[in-house]
Amino acid sequence: MDFQNMLYTIQDGIAVVTFNRPKVLNALNNLTVEELSVIAADLEKNEDVKGVIITGAGEKAFVAGADINELSAMNALEGKAFARKGQKVYTALENLPKPVLAAVNGYALGGGCELAMACHIRIAAENAVFGQPEVNLGIIPGYGGTQRLPRLIGKGPALEIILSGKMISAEEALRLGLVNKVVPADQLMAEAGNLLKTILSRGPLAVRYALDAVHHGLNMSIEEAMDYEATLFGLVCATEDMKEGTKAFLEKRGANFQGK
Ligand code: CO8
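Using this note's numbering, the first residue of the sequence shown is number 1373, and each one after it goes up by one.
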């Protein structure tokens, strides 16, 4: 697949999705969001893809938000449609039954911070910068930021970031729980790759159901979520991977999971 604003590679089960407009700090214009939605559909159906890393081209930015040139000319209906379009593709990434890691290599602002939050796990380079600067432009976050940020770090800290429009460092993002880990920039992709390889070495169906239980359970009452977890636990008990994983432990050898 050839894209104008994105790079998409698949190797050894790992898809790397790179936002590729470094001259404008990988800002999201309409075409970029459309290309991302084509990629998201492939990530879901392509059986060669077992896990995903999302990053930005260049040394300065992950994604510096929506393209302000396009944004500045939007009327109410276009603004809503553009917000819904972005929300839909981010939710498609979040709903993928495969682990999705953000390797945040620089500015992750506005729609870029929202993209990182739609990923399952975030690893940041030391030079990464996070923020929801929309209020500086007289707008509010429109790609899920008002919803995912408070769910990730709590209402007070999220409101401080959203209402002040201030940027925060990778270290501060780590302290707040917005990112899982901060590493030197030159180790970012290796670190993300190693974590993903570790996850992919585990029971594939177990990883899939654990992701499902956490992701969907968060939107349920605790009672419903416990029942949902127990149902998925029952399902994994019916897998060959479960038989193999427990047998391998008892035989003191490594498991040979087949994803069945
Ligand atoms: N859109 C368009 N162009 C951008 C963007 C952007 N978001 N960010 C940077 N650029 C461009 C700059 O204009 C500049 O272009 P040029 O070289 O032609 O002047 C180039 O990228 C390099 O940027 P800077 O010279 O500004 O680099 P600095 O290192 O001086 O500053 C910053 C880096 C601090 C990241 C700065 O570029 C900046 O503040 N960028 C804007 C960040 C921002 O406000 N992002 C939020 C946008 S709003 C949003 O994301 C809402 C999402 C939901 C939308 C809902 C649907 C309507």
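No residue lacks a Cβ here, since even glycine has one placed at the ideal position from N, Cα and C.
- In terms of side-chain proximity, the C-beta atom of F1454 is found nearer than 6 Å to a non-hydrogen atom of ligand 1.
- By the CB criterion at 7 Å, V1421 and V1472 fall outside the cutoff.
- Counting of Cβ neighbours within 10 angstroms places C1491 among the buried residues, the total reaching 16 or more.
- In this structure, the C-beta of L1560 stays at least 6 Å away from each heavy atom of ligand 1.
- Counting C-beta atoms within 10 angstroms of its own C-beta, I1594 has fewer than 16 neighbours from the protein chains shown and is therefore classed as exposed.
- For M1378, the uninterrupted beta strand (DSSP E) segment begins and ends at 1378-1383.
- Contact annotation: the segment 1460-1474 does not touch the segment 1534-1543, with fewer than three C-beta pairs closer than 8 Å.
- Counting the other CB atoms within 10 Å of its CB gives F1621 a total below 16, which places it among the exposed residues.
- Contact check for A1475 and A1564: beta-carbon distance about 4 Å, within the 8 Å limit, so the pair qualifies.
- The DSSP assignment places complete beta strand (DSSP E) segments of no fewer than 3 residues inside the segment 1404-1434 at 1423-1428, in order along the chain.
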